[in-house]
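If you read the sequences in order, they're chains A and B.
Residues in the first sequence are numbered consecutively from 1, following our numbering.
Residues in the second sequence are numbered consecutively from 1001, following our numbering.
Okay, so here's the structure we're looking at.
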Amino acid sequence: MSKTIMIVDDSSSMRQVVGIALKSAGYDVLEGCDGRDALAKLDGRKVHLIISDVNMPNMDGITFLKEVKKHASYKFTPVIMLTTESQESKMNEGRAAGAKAWMVKPFKPAQILDAVSKLVLP
Amino acid sequence: MAVSTPSPKPSLAARLAVTISGASATAAAAAAAWGTWPALAAAAGAAAGCGAGVLLAVSWLERTDPEEAQRLQAAQAAADDAASRQSDAQSRALEVTRAAAPILARHVETARVQTREATESLTGSLSALVERLDARRGGNDEAEATSAINESEQTLRPVVGTLQSFVGSRDALVGEVAKLAAFSTELKSLAADVADIASQTNLLALNAAIEAARAGEHGRGFAVVADQVRKLSNQSGETGKRITAKLDTVSGTMLALLDSAQQNADTDRQAVAETRATIEAALARLSQAVGSLTESSAQLRADRGEIGMRISELLVGFQFQDRTSQLLSKVTEDLNGLAGAIEPDALHLIEPRRWIDSMRAGYAMNEQHANHDAASGGGGARSNAGAASSLTFF
């Protein structure tokens, strides 16, 4: 059974670019267009890893990350933050909220696949 | 970023400073000539930026040196004029900025939205293409072809078998007919035996007739019997001959039948062999076709993979849109903020340094910091700091 990875980004082109990279490696992809939408889609289904943007409307990535960590079914789901945000303070916020990795855009597919394979749940 | 606040020309400010300092220099020079008090008054007036000191000096000079008083008044008038022109230029500049900033913000926003929409539509179609290519890559053309050829083989091979068994059963039939032909030969020899017995009986009847004649009157009855026996033996001989003739006809027909059956069997065997050869040739050609199909579909698959990979690589480049969009959003936000900050009601509250710093606080990307530093002439050390490591594990 292939593993499911959730991509949360308000830019549909980013979701597609990341999605293509993940699908080519055999992962199933679930998309959320912001934190709120993504949270609504975490309805108990198995998600093996989450990749989330930081700056998003409705619910930003850090708030979303905190919500995920409070969720009984997903608190152990690893989260990679993929963002244009390179400020040390934001990165520390992400680390404190429980993110597993911080990746600054633009990303290279090989790099993201490597990070995913290291962190994805068995 | 091409947006800049139209500022008063430096030359205007410089001219103003020169004019003021010129006026105060003139007043100071005059005071040095006539005494300390008017000089102090003029200098104080010039430093205060108002004409009060000059007026004092003028009223004093009018009494002592009317010519110098006139020069001082002219200098003050020039300074006032320059100051009013500066204030006028500043208010015009503010007005232009107030009007232009929201317009520029809208233009930037339009550009951002259009870029985003165009990129999204492009990435959308490219992603769809990659997915279709991937789906085709999963398709198994040669497996389909191979199963088709196996099916053909399974359908065609039994045809040859059926033809062969048909020929075989006909051969068995011919074998039965050949056995019948052998029986008819046996029957012919039996018929010959009948004819032989008839001929012997005839001879016996003749001898009996001779012996009856020799017996004279006593053998008369016996002579009659001998004559009947001879007639019967003649009839038997005729029957034997007729049986032989009939058997000849029957066996002739059977042989002709066997002959023709034999001939047909040969033709059939040949036909079956030919059919089998044709089917096998067709299957071989089909197999060959599948072989080349497999080869070309493998090539196609490789090509599809290559194209898919290239499009995926291309897609990665579209990440610029996300960055550009964030950059432009921030520009729009700052332009709107600027327009608000320089509204006449708010203008006295603005603190330029703090405003510029608050602009920086909203930056997410290294490029923004680098641009900010480069344009404001400060720092620059932050540019691209941290960009080298774009992945950090916690």
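The C-beta atom is built at its ideal place from N, Cα and C for all residues, glycine as well.
Since we're looking at a predicted model, the values are computed, not measured.
message: Within 8 Å, do at least three Cβ pairs link the region 78-87 of chain A to the region 112-120 of chain A?
response: yes
task: Take Leu1395(B) as the anchor and find which of Arg1360(B), Arg1354(B), Arg1304(B) has the nearest alpha-carbon.
output: Residue 1395(B) lies beyond the stretch modelled for chain B, which goes from 1001 to 1394, so this question has no answer here.
- request: Taking only runs that begin and end inside the region 8-81 of chain A, name each unbroken alpha helix (DSSP H) of 4 or more residues, in chain order.
  value: 12-24, 35-41, 61-70
- prompt: Of the choices Ser1091(B), Thr1064(B), Val1058(B), whose alpha-carbon is the least far from that of Ala1077(B)?
  reply: Val1058(B)
task: Using a Cβ-Cβ cut-off of 8 Å, state whether Glu1351(B) counts as contacting chain A.
output: no
- prompt: Ser1358(B) CB to nearest chain A CB: under 8 Å?
  reply: no
query: Quick one: Cα of Ala1172(B) to Cα of Ala1261(B), how far?
result: Ala1172(B) and Ala1261(B) have their alpha carbons spaced roughly 11 Å apart.
task: For Lys105(A), count neighbouring C-beta atoms within 10 Å of its own C-beta (all shown protein chains included) and say buried if the count is 16 or more, exposed if not.
output: buried
query: Comparing the C-beta of Val104(A) with each C-beta of chain B, is any distance below 8 Å?
result: It does: the Cβ of Val104(A) has a partner Cβ on chain B nearer than 8 Å.
- request: Report the option in Ile20(A), Arg15(A), Ser73(A) whose CA atom is closest to the CA atom of Leu39(A).
  value: For the residues Ile20(A), Arg15(A), Ser73(A), the minimum Cα distance to Leu39(A) belongs to Ser73(A).
message: Cβ closer than 8 Å: which chain B residues qualify as neighbours of Thr84(A)?
response: The answer, in chain order, is Asp1322, Arg1323, Gln1326, Ala1364, Met1365.
message: Checking 8 Å against the spacing of the C-beta atoms, do Ile51(A) and Ile5(A) come in under that value?
response: yes
- prompt: Where does Ala1364(B) sit, in a helix, a strand or coil, going by DSSP?
  reply: coil
Alpha carbon of Leu1180(B) to alpha carbon of Leu1187(B), nearest angstrom: 10 Å
field: Within chain B, partners of Val8(A) - CB distance below 8 Å
entry: Residues of chain B passing the Cβ test: none, with the nearest at roughly 13 Å.
query: Which residues in chain A sit within 7 Å of Val1130(B), going by Cβ to Cβ distance?
result: Neighbours of Val1130(B) on chain A, chain order: Ile20.
query: Who does Ile1243(B) pair with in a DSSP beta bridge?
result: Looking at the DSSP output, Ile1243(B) shares a beta bridge with no other residue.
For Thr1332(B), the three-state DSSP class (helix, strand or coil): It is helical.
query: Counting contacts by CB-CB distance shorter than 8 Å, is Lys69(A) in contact with chain B?
result: no
field: Contact check, Ala1212(B) vs Ala1223(B), beta carbons under 8 Å
entry: yes
message: Beta-carbon within less than 7 Å of Val29(A)'s beta-carbon, same chain only, minus the 5 sequence neighbours each way: which residues are those?
response: Ile5, Ile7, Gly19, Leu22, Lys23
message: Measuring straight from C-alpha to C-alpha, what distance separates Asn55(A) and Asp43(A)?
response: 23 Å
task: Taking Met1(A) as part of the alpha helix (DSSP H), name the residues at either end of that continuous run.
output: Unbroken run through Met1(A): none, as it is neither H nor E.
- request: At 9 Å on the CB atoms, spell out the chain B contacts of Ser89(A), in chain order.
  value: The contacting residues do not exist; Ser89(A) stays about 10 Å from chain B at best.
query: Taking only beta-carbon atoms, is Gly1124(B) less than 8 Å away from chain A?
result: yes
- prompt: Which two residues bound the contiguous alpha helix (DSSP H) that contains Val104(A)?
  reply: Premise fails: Val104(A) lies in the beta strand (DSSP E), 101-104, not in any alpha helix (DSSP H).
- prompt: If the cut is a Cβ gap below 8 Å, which residues of chain C does Ser12(A) touch?
  reply: No chain C is part of this structure, whose protein chains are labelled A and B.
- request: Find the residues of chain B that neighbour Lys100(A), judging by a C-beta separation of less than 8 Å, and give them in chain order.
  value: Phe1393, Phe1394
- prompt: Does the beta-carbon distance from Lys100(A) to Leu119(A) come in below 8 Å?
  reply: yes
message: So Leu121(A) and Ala97(A) are supposed to be a Cβ contact under 8 Å. How far apart are they, rounded?
response: With 8 Å as the limit, Leu121(A) and Ala97(A) do not qualify as a contact, their Cβ atoms being about 19 Å apart.
- prompt: Roughly how far, in whole angstroms, is the beta-carbon of Ile1350(B) from the beta-carbon of Ala1341(B), given that I think they are within contact range, below 8 Å?
  reply: 5 Å
query: For Leu1126(B) versus Ile1279(B), is the C-beta spacing smaller than 8 Å?
result: no
- prompt: Excluding sequence positions up to five away, which residues of its chain have a Cβ less than 7 Å from the Cβ of Leu1133(B)?
  reply: Arg1304, Ile1307, Gly1308
message: Looking at the strands, I want to know which residues DSSP matches up with Phe1393(B).
response: Ala101(A)
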